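Trainee: Okay, here's the structure, questions in a sec.
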């Protein structure tokens, strides 16, 4: 057995190790998702979910003519991002996943909004560790920037 050095990639996650923290980023996967769904060159959005959603489960709207498989694939790929490095997408993906069986045009439009958000955050990272914050080891310290919701 030999030492391969510090970990740089694992399961598609780029890992940077510093003295007091570990940084996780999935920029390559985000680029692959955007390429797959032809959203690479779209204008970025600042929020993960559109604010103008009124009746998302509108039963009078007919299912979209696009195959639901592409919608289902997109939700599955985005679920992996949520689990690993993009917890800010959790509500959006949970909401969109309620309509996997027969997505409508408005569901696809909302999914497009999520892709636009990914364009804006693809270079963001999840930083785990102390990172020069002095605190008691028994105390939990967390920070979340959720100002887009208001």
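In the working numbering, the protein residues as written are 35 to 184. The C-beta atom is built at its ideal place from N, Cα and C for all residues, glycine as well. Only a predicted model underlies this, so the values are computations on that prediction, with no experimental measurement involved.
Let me know if residue 122 comes out buried or exposed under the rule of 16 or more other beta-carbons within 10 Å of its beta-carbon.
Mentor: If you number the chain shown from 1, residue 122 lands on position 88. That one is buried.
Trainee: Can you tell me where the beta strand (DSSP E) holding residue 162 begins and where it ends?
Mentor: Mapped onto the chain shown, residue 162 falls at position 128. First-last of the beta strand (DSSP E) with residue 162: 160-163.
Trainee: Take residue 136 and list the residues in its own chain whose beta-carbon comes closer than 7 Å to its own, dropping the five residues that flank it on each side.
Mentor: Counting from 1 along the chain shown, the entry for residue 136 is found at position 102. Counting only Cβ-Cβ distances below 7 Å, and skipping sequence neighbours, we find 97 and 102.
Trainee: Cα separation between residue 184 and residue 45?
Mentor: For the purposes of this step, residue 184 is taken as the residue at position 150 of the chain shown. For the purposes of this step, residue 45 is taken as the residue at position 11 of the chain shown. Unreliable positioning characterises residue 184 in this predicted model, as indicated by a pLDDT of 45, which lies under 50. The coordinate reading is nonetheless provided below. Approximately 34 Å between the Cα atoms of the pair.
Trainee: Just to check, is the beta-carbon of residue 75 closer than 7 Å to a non-hydrogen atom of the ligand PLP?
Mentor: This structure lacks the ligand PLP; in fact it carries no ligand of any kind.
Trainee: Would you list the one or two residues that DSSP bridges to residue 43?
Mentor: Taking the first residue of the chain shown as position 1, residue 43 is located at position 9. DSSP, once it has assigned bridges, lists 48 as partnering residue 43.
Trainee: By the 10 Å Cβ neighbour count, where 16 or more other Cβ atoms means buried, how is residue 125 classified, buried or exposed?
Mentor: Numbered from 1 along the chain shown, position 91 holds the residue referred to as residue 125. When all chains shown are included, residue 125 counts as exposed.
Trainee: Which runs of the beta strand (DSSP E), 3 residues or longer, sit entirely within the region 82-165?
Mentor: Fully enclosed beta strand (DSSP E) runs of 3 or longer: 160-163.
Trainee: Name the residue from 73, 130 and 140 whose alpha carbon lies nearest to the alpha carbon of residue 113.
Mentor: Along the chain shown, one-based indexing puts residue 113 at 79. The shortest C-alpha separation from residue 113 is found at 130.
Trainee: Which partner residues of residue 57 appear in the DSSP bridge assignment?
Mentor: On the chain shown, position 23 is the one that residue 57 refers to. The partner list for residue 57 (beta bridge, DSSP) reads 50 and 161.
Trainee: With distances taken from CA atoms, which of 72, 161 and 139 is nearest residue 118?
Mentor: For the purposes of this step, residue 118 is identified with residue 84 of the chain shown, where counting begins at 1. Comparing Cα positions, the closest option is 161.
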